[in-house]
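Shown next, in structure tokens, is the structure this report addresses.
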Amino acid sequence: MFDYRARVLHAESMSLELLAQRFGTPLYVYSKAAMLSAWQRFTQACGGHPHCVCYAVKANSSLAILQLLAKLGAGFDIVSVGELERVLRAGGNPGGIVFSGVGKREDELRRALEIGIHCFNVESEAELLRLSALADSQGKTAAIALRINPQVETGTHPHIATGHRDAKFGINSGLAEALYRRAASLPGIRIIGIACHIGSQITQPAPFLDAARCVMALVDRLLENGILLEHVDFGGGFGVRYQAEPRLDVSALISQLRALVEKPGLKLLLEPGRALVAEAGALLTRVEYLKTTDQGRFVVVDAGMSELIRPPLYGAWHEIRAVTLRPGMPSEIYDIAGPVCESADFLGRGRRLAVQTGDLLAVMDAGAYGFSMSSNYNSRPRAAEVLVDDEQVTLIRRRETLDDLMAQEELLSG
Ligand SMILES: *Cc1c(COP(=O)(O)O)cnc(C)c1O
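Going by numbering that gives the first Met the number 0, the sequence shown opens with residue 0, and the numbers climb by one from there.
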């Protein structure tokens with residue numbers, strides 16, 4: 000959905016040059032068609048089997064994106080009351096919400112009980128007891144799944160792996176059976192499912208299938224204990240292709256996951272975040288300076304780790320393209336540096352580009368964990384976001400102003 004037309008990079012039918020002129024930079028640009036196509040890949044693979052694709056809100060929590068997915072019939076995986084309120088404001092169905100996270104506060108549990116969400120993915124015994132007491136005191140019943148830690152290695156970056164032995168997430172699969180029995184006896188609790196989520200940006204099917212088999216073995220043992228489930232939630236983590244990673248065949252993988260739940264007749268839940276939005280977004284940034292030092296050549300741009308922290312945080316690689324191709328200009332190898340006062344503030348290193356001051360660059364595949372991880376560090380107002388639909392463009396978030404930046408603060412009196 001991002002391609003060159005007459006030497007200018009476009010999002011669908013919109014020129015990125017025109018978008019930068021109209022909305023300024025740094026600017027997040029999303030393609031609606033790319034999101035629709037990613038969505039369809041998931042739902043088509045689930046086919047006629049009962050399922051719910053619960054979009055992981057943290058990947059990109061902008062209201063218009065949530066609204067678009069809600070209209071397509073998405074459920075939502077949330078990790079905070081803030082995400083819960085976003086989903087509701089965007090028109091999401093409370094009955095399609097699953098609530099994950101290791102640190103759910105009492106007020107967050109209370110609000111989710113009040114709304115009547117589909118399922119609490121419980122991550123510890125202490126959380127289970129807190130939820131039971133709260134639900135019971137409100138005369139409500141909380142539908143729960145236990146999030147199992149299947150202890151598989153995923154081959155992903157350590158910061159985004161969650162299913163290994165020493166992760167803080169989930170309940171050790173060896174202890175889960177006993178905790179399910181405990182849950183069955185608690186007031187205010189109704190067991191409806193089981194969940195796992197082993198990490199993010201996983202590009203091989205094997206870890207998903209290993210985790211799924213571990214979960215299904217537990218489903219069998221629970222059945223022997225007379226605990227009957229309604230759904231299995233295999234989480235998210237489906238990798239995308241940023242550089243040269245193997246292309247994960249999501250359709251084939253989901254068919255295999257589906258086959259595992261078909262025989263016991265369980266509903267299939269998935270929680271993709273990245274795979275639904277990453278490839279649909281680009282971060283548009285303008286070249287402020289070209290700079291040469293003893294160390295090499297730098298392109299200094301107007302976006303950095305405040306807009307896209309993935310490169311410094313995870314060593315993530317994003318393709319960086321010149322928006323306007325300059326066939327006559329000799330290219331050079333550059334490091335692409337942001338303006339933020341941190342040595343780690345690079346969007347990419349060692350990239351061959353033909354650019355001059357004032358040109359635009361597009362950081363590709365930035366639709367997931369881009370804006371949603373952005374910050375005001377260095378007192379930088381947050382970027383604007385636009386959604387492109389063929390030749391139409393909608394400003395879905397205006398650029399933050401300097402007044403916005405300081406709006407919550409007070410000077411000392413006197
Ligand atoms: C982050 C997260 C997801 C989404 O992960 P992706 O890699 O973006 O698909 C799904 N479920 C849970 C519990 C998560 O924490």
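The beta-carbon is built from N, C-alpha and C at its ideal position, and this holds for glycine as well. The model shown is predicted, which means the values in this text are computed figures rather than measured ones.
In this structure, the beta-carbon distance from L62 to A89 falls below 8 Å. At a cut-off of 7 Å, the beta-carbon of G74 does not count as near ligand 1: no heavy atom of the ligand is closer than that. By the neighbour-count criterion, in which 16 or more other beta carbons inside 10 Å mark a residue as buried, I253 falls on the buried side. Taking a contact to require three or more Cβ pairs closer than 8 Å, the stretch 265 to 281 and the stretch 41 to 52 qualify as touching. In this structure D106 is exposed. Its beta-carbon is surrounded by fewer than 16 other beta-carbon atoms within 10 angstroms.
Per DSSP, the beta-bridge partners of C118 are V97. The beta carbon of T202 lies closer than 7 Å to those of G238, E244, P245 and L247 in the same chain, with the five residues before and after it left out. Beta-bridge partners assigned by DSSP to S30: V387. Rounded to whole angstroms, the separation of the alpha carbons of G369 and R40 is 22 Å. At a Cβ-Cβ threshold of 8 Å, D358 and T393 do not count as neighbours.
Nearest C-alpha to L68 among S12, L35 and L145: L35.
Contact between the stretch 130 to 143 and the stretch 204 to 211 is absent: fewer than three C-beta pairs spanning the two stretches fall below 8 Å. Across the structure, D344 and A302 are spaced so that their CA atoms are roughly 9 Å apart. For L360, the beta-bridge partners assigned by DSSP are T284 and A321. Rounded to the nearest angstrom, the Cβ distance from S378 to L346 is 20 Å, too far for a contact under 8 Å. Here G349 carries a strand assignment [DSSP, helix/strand/coil]. R397 carries a coil assignment under DSSP once its states are collapsed to helix, strand and coil. When the beta-carbon positions are compared, F75 and V86 come within less than 8 Å of each other.
Its chain contains S305, E306, L307, I308, R381 and A382 as the residues whose beta carbon lies nearer than 8 Å to that of S373, once the 5 sequence neighbours on both sides are disregarded; these appear in chain order.
Taking 8 Å as the cut-off, the beta carbon of Y376 is found no closer than this to the beta carbon of R350.
For the pair V121 and R240, the Cα-to-Cα distance works out to about 31 Å. Cβ contact annotation for T356 (same chain, cutoff 8 Å, sequence separation greater than five): V286, E287, Y288 and L289, in chain order.
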